[in-house]
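Student: Using our numbering, the first residue of the sequence shown is number 5, and each one after it goes up by one.
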Amino acid sequence: MRSEQQDVMRAETDIALDQFESVHDHLHQRLCSELRSLQERVDALRESPTAHSASIVSTYERLIRKKRAFMEQWGMDTGCSRR
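#1: I'd like to know if the region 44-59 and the region 28-36 are in contact, where contact means that at least 3 CB-CB pairs between them fall below 8 Å.
#2: Answer yes or no: do Leu-39 and Ile-19 have a C-beta to C-beta separation smaller than 8 Å?
#3: Taking all protein chains shown into account, do 16 or more other C-beta atoms lie within 10 angstroms of the C-beta of Val-46, making it buried, or fewer, making it exposed?
#4: Rounded C-beta distance between Arg-72 and Thr-63? I'm assuming under 8 Å.
#5: Can you tell me whether DSSP reads Gln-33 as helix, strand or coil?
#6: So, helix, strand or coil for Thr-63, using DSSP?
#7: From the DSSP output, in three-state form, read off Leu-21 for me.
Structure representation (structure tokens):
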């Protein structure tokens, strides 16, 4: 996961802020990375439940839904298949 974060940070320097597609693509990559990270956290919490894991999972799932809704609103692929 560390290299994925480094790739995102490296890509941030390549954004052409005056070009919609460049910003759109960068944002899509960033959101997909965040969605994968959140899903990994949810999976880990479900595998080893604790006293508060249900509320944390609920919060993460709400974040996932909101991020996907944002992506749909902006015409982004919500599948986020690994590239």
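Ideal Cβ placement from N, Cα and C applies to all residues, glycine included.
Tutor: Concretely, from the data shown:
#1: no
#2: Counting from 1 along the sequence shown, the entry for residue 39 is found at position 35. Counting from 1 along the sequence shown, the entry for residue 19 is found at position 15. Their beta carbons are not under 8 Å apart, which means Leu-39 does not touch Ile-19 by this criterion.
#3: Along the sequence shown, one-based indexing puts residue 46 at 42. Classification of Val-46: buried, given that the 10 Å Cβ count is 16 or more.
#4: Counting from one through the sequence shown, the residue named residue 72 turns up at place 68. Counting from one through the sequence shown, the residue named residue 63 turns up at place 59. About 15 Å; that fails the 8 Å criterion.
#5: Position 29 of the sequence shown holds residue 33. Reduced to three states, the DSSP call for Gln-33 is helix.
#6: As a first step, residue 63 must be located in the sequence shown, where it is residue number 59. Three-state result, Thr-63: helix.
#7: What you label residue 21 is simply residue 17 of the sequence shown in a count that begins at 1. Coil, per DSSP.
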